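Below is one structure, written out as structure tokens, with a few remarks after it.
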Amino acid sequence: MKLIEGQVAVVTGAASGIGLGMATLFASRGLKLALADIDEDRLNAVSDELAQGGAEVLARATNVADAADMQHFRDAVLERFGRVDILCNNAGIVSPFRPLWENPLPDWERVIGVNLWGIIHGIRLFVPGMVAAGRGHVVNTASMAGLIVVPWNGLYNAAKTATVSLSETLRADLEAAGSAIGVTVLCPGLVKTAINSDPTIAALIPPDAVFLEPADVARQVVSAIERDQLYLATHHGSDELVRTRQEQVLS
Ligand code: NAD
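Printed below as a string of structure tokens:
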């Protein structure tokens, strides 16, 4: 699907990092923006800046893990724009690094809540309207941790692997229904964003690690949308991982 001026893009986790990178690039291509983030102050600052640059923006403080919050966001988007062309379920958080069995229940609930239920609510609430309209593209942000096992990162691995699977299933179901809607699952490696400044995570990253900029990831996302590419893994050596995954899914 070609990105065309006037289309409407929904981005969650839009106040920072990869989500902000996508929102900024979409705005530069003339898309209208519906942005959600739990950090209201930062979201409003981002929204004001994009609007000053000429973009039409709806910004709503939203917790993607909360069904009612997400429903209010969806209702506000449809009331304002009446349609959604691009849906980016992107908001996410890191999980504490520790052996899987040592994670307390609140950490399970928090990480699965944001990183998995956030994706589920996005699909549940926005995709039916897109199917009815017969057009659009869904981008779900997973991670390299959706394709490999990162030790001590079990909560995050679980949510991101499930995000890869949900994306594959969504694509298969849409194809089976004869729908033209595309799906991309974004599986980044290290990207220079606030998520990696968490001290536990930062301490585990080797000093020579290579980071991508959010703007680079955003460019790759746009290209994946325009080429209708299912897997988008942005780190070194990811081609092999994606090939293996494709073989598993197709076999
Ligand atoms: P970031 O921290 O810069 O941005 C995440 C945004 O999500 C923040 O603005 C935050 O306020 C928002 N958010 C957090 N919880 C939320 C909630 N409950 N509801 C709504 N918004 C919420 O981090 P980022 O790196 O841009 O992360 C974006 C996505 O990319 C995440 O899903 C993350 O898991 C994934 N990812 C990032 C990297 C990386 O290296 N940065 C690598 C792989 C995957």
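So the sequence shown is residues 590 to 840, counted in our numbering. Cβ coordinates follow ideal geometry from the N, Cα and C atoms, glycine included. In this text the structure is predicted, and so the values were computed from the model without any measurement.
Secondary structure of residue i, DSSP reduced to three states
{"i": "Arg649", "result": "strand"}
{"i": "Val738", "result": "coil"}
{"i": "His661", "result": "helix"}
{"i": "Val683", "result": "coil"}
{"i": "Thr823", "result": "coil"}
{"i": "Asn704", "result": "helix"}
{"i": "Val799", "result": "coil"}
{"i": "Val727", "result": "strand"}
{"i": "Ile794", "result": "coil"}
{"i": "Ile675", "result": "strand"}
{"i": "Ala603", "result": "coil"}
Identity of the residue in the options nearest residue i by Cα
{"i": "Gly735", "options": "Thr752, Gln641, Pro693", "result": "Thr752"}
{"i": "Ile928", "options": "Gly602, Gly826, Val597, Pro803", "result": "With the chain running from 590 to 840 in the structure shown, residue 928 is simply not present."}
{"i": "Leu592", "options": "Val810, Val646, Gln660", "result": "Val810"}
{"i": "Gln596", "options": "Gly671, Ala634, Thr750, Asp630", "result": "Gly671"}
{"i": "Glu645", "options": "Ile607, Asp655, Phe662, Val599", "result": "Val599"}
{"i": "Ala769", "options": "Arg816, His825, Ser605", "result": "Arg816"}
{"i": "Ala748", "options": "Asn679, Asn785, Arg663", "result": "Asn679"}
{"i": "Asp664", "options": "Val727, Pro796, Leu801, Ala625", "result": "Ala625"}
{"i": "Leu676", "options": "Thr730, Gln818, Thr782, Gly606", "result": "Thr730"}
{"i": "Ala783", "options": "Ser617, Arg631, Leu614", "result": "Arg631"}
{"i": "Phe686", "options": "Glu629, Gly610, Trp741, Glu764", "result": "Trp741"}
{"i": "His825", "options": "Asp696, Val838, Leu779", "result": "Leu779"}
{"i": "Ala722", "options": "Ala813, Val739, Leu763, Val728", "result": "Leu763"}
Beta-carbon separation (whole angstroms), residue i vs residue j, contact threshold 8 Å
{"i": "Ile627", "j": "Ala650", "result": "7 Å"}
{"i": "Ser636", "j": "Ala623", "result": "Going by Cβ atoms, the distance from Ser636 to Ala623 rounds to 10 Å, so no, they are not a contact pair."}
{"i": "Tyr820", "j": "Val774", "result": "6 Å"}
{"i": "Val653", "j": "His710", "result": "6 Å"}
{"i": "Ser732", "j": "Pro688", "result": "Rounded, the Cβ-Cβ distance is 20 Å, inconsistent with contact."}
{"i": "Ile737", "j": "Val703", "result": "Not a contact, Cβ separation roughly 21 Å."}
- [ ] State whether the stretch 688-697 contacts the stretch 638-654, with contact taken as three or more CB pairs (one from each stretch) at a distance under 8 Å.
- [x] The stretch 688-697, when compared against the stretch 638-654, does not touch it at the 8 Å Cβ threshold.
Task: Within the stretch 735-786, ranges of the alpha helix (DSSP H) (whole runs, at least 4 residues) - done: For the stretch 735-786, whole alpha helix (DSSP H) runs of length 4 or above, ordered along the chain, are 743-765.
Task: the stretch 753-766 / the stretch 799-815 touching (three or more Cβ pairs under 8 Å) - done: No contact exists between the stretch 753-766 and the stretch 799-815.
Open item on the list: Suppose only complete runs of 3+ residues qualify. What are the beta strand (DSSP E) ranges in the stretch 609-654, listed by chain order?
Closed with: Runs of the beta strand (DSSP E) lying entirely within the stretch 609-654, each at least 3 residues long, are 621-626, 646-650 in chain order.
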